[in-house]
Structures are given as structure tokens and as C-alpha cells.
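Residue numbers (the numbering used here): 16 to 165. Built from N, CA and C at the ideal position, the CB exists for glycine as well.
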Amino acid sequence: MDGNAATLYSRFTALKAKQPGLQTWLLVGGWSFNDATNTLNTQNAFSNMVSSPANRQAFITSLRNFMQTDGFDGVDIDWEYPAAEDRGGVPADFSNFPTFLAELRASFGSGLGISVTLPSSYWYLQHFDVLDMERSVDWFNIMSYDIHGV
16 MDGNAATLYS
26 RFTALKAKQP
36 GLQTWLLVGG
46 WSFNDATNTL
56 NTQNAFSNMV
66 SSPANRQAFI
76 TSLRNFMQTD
86 GFDGVDIDWE
96 YPAAEDRGGV
106 PADFSNFPTF
116 LAELRASFGS
126 GLGISVTLPS
136 SYWYLQHFDV
146 LDMERSVDWF
156 NIMSYDIHGV
């Protein structure tokens with residue numbers, strides 16, 4: 016993590032003191048996070064994390080602690096894209112991702128929010144078990160802005 020990140024997170028979540036009712040959410044993932052050219056070598060991080068109960072629990076505990084320490088109200092999971100081979104995914108991601116979300120919801124209860132970013136393209140959307148995921152998330156964010164070349 017960038018040395019200035021902790022200060023920026025604190026400044027960001029401190030905005031809630033000025034605006035009652037404001038929620039601050041953290042995003043995990045994104046296009047670059049799952050890109051093969053990522054110098055941090057995180058392309059398979061989501062697949063590895065959801066692949067076992069122990070890995071899921073370690074991530075959930077770490078995420079929850081991070082969010083509580085820095086005062087975040089929710090998290091958006093932006094996995095681009097589970098089970099898509101061209102993005103480092105494996106077939107098991109299709110069922111492992113909803114399992115992870117259910118475990119995350121069980122840990123968060125109703126006190127912390129969960130959203131998932133979904134593609135608008137069927138090519139990638141087919142790899143999400145949206146019906147199973149829906150039970151565990153507060154809402155889906157649809158990437159209607161990222162449809163070039165589709």
C-alpha cells in the first residue's frame with residue numbers, strides 16, 4: 016500500500032462527519048488488478064482467494080478489519096472476470112465466487128454493505144452466477160461505460 020494511502024483513507028472517511036448519512040465504500044479489484052500485464056502479479060489473486068474456505072476466511076477477516084479500522088461502510092468487489100480464461104479465471108470461479116459472497120455477507124451481517132460490479136457484455140457476464148450472488152449483495156453495479164469493442 017502506498018505510504019500516503021492511510022492518510023487518504025482517513026481523510027475520505029472523515030467526510031462522514033461533515034455530511035450525516037454519507038457512506039464511504041472501498042473498491043477491491045478492477046481491470047488492472049486482473050490484467051496479465053499487472054506488475055504486482057495479481058491476475059489470479061481472486062481465483063486463489065475464493066478457491067478454499069481457509070483462503071476466503073483469511074481475506075474476509077483482513078477486509079473486515081481494514082474496513083473497520085478506516086471507517087468504511089461497504090465494499091464493492093470488482094472482479095474482472097471470474098471463470099474467464101482470457102482474464103486468468105478458472106471454471107471453479109463460477110461457483111466459488113457466490114460462496115465467497117455468502118460467507119462475506121455472514122461475516123458483515125447488515126452492518127457493512129456489499130456490492131459487485133458486473134459487465135454489461137454477455138461474453139463476461141455469463142461467468143457470473145448472478146442468481147446465486149444476488150442473495151448476498153446489496154446491489155450490483157453494471158459497467159455500462161465499458162462496452163467498446165463488444
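State the start and end residues of the unbroken alpha helix (DSSP H) segment that holds L127. No alpha helix (DSSP H) contains L127, which DSSP labels as neither H nor E.
In angstroms, rounded to a whole number, what distance separates the CA positions of R26 and T39? 11 Å
Looking only at DSSP bridge pairs, what is D93 linked to? G44
With F170 as the anchor, note down where its alpha helix (DSSP H) starts and where it stops. A question about residue 170 goes unanswered here, because the residues of the chain that appear run from 16 up to 165.
Can you tell which of Q83, R150, Y137 and Q34 has the C-alpha that lies nearest to the C-alpha of V131? R150
Within 8 Å, strictly: CB atoms of A99 and H142: yes
Strand pairing of M158, partner residues [DSSP]: P134
Could you tell me how far apart the beta carbons of G49 and G89 are, in whole angstroms, since I believe they sit closer than 8 Å? A quick correction: the sequence has Asn, not Gly, at residue 49. With a Cβ gap of about 21 Å, N49 and G89 do not count as contacting.
Regarding F27 and the ligand COA, is the C-beta to nearest heavy atom distance less than 7 Å? With respect to the ligand COA, the structure shown offers nothing to examine, as it has no ligands at all.
CA nearest to the CA of I12, picked from V105, F74 and N19: Residue 12 falls outside the range modelled here, since the chain spans only 16 to 165, and no answer is possible.
Whole-Å CB distance - N156 paired with L133, under 8 Å assumed: 7 Å
By Cβ distance below 7 Å, which residues in the same chain neighbour S66 in space, the five residues on each side in sequence not counted? A107 and N111
Start and end residues, alpha helix (DSSP H) containing V145: V145 to M148
Use the C-beta contact count for L23: other C-beta atoms within 10 angstroms, 16 or more gives buried, fewer gives exposed. exposed
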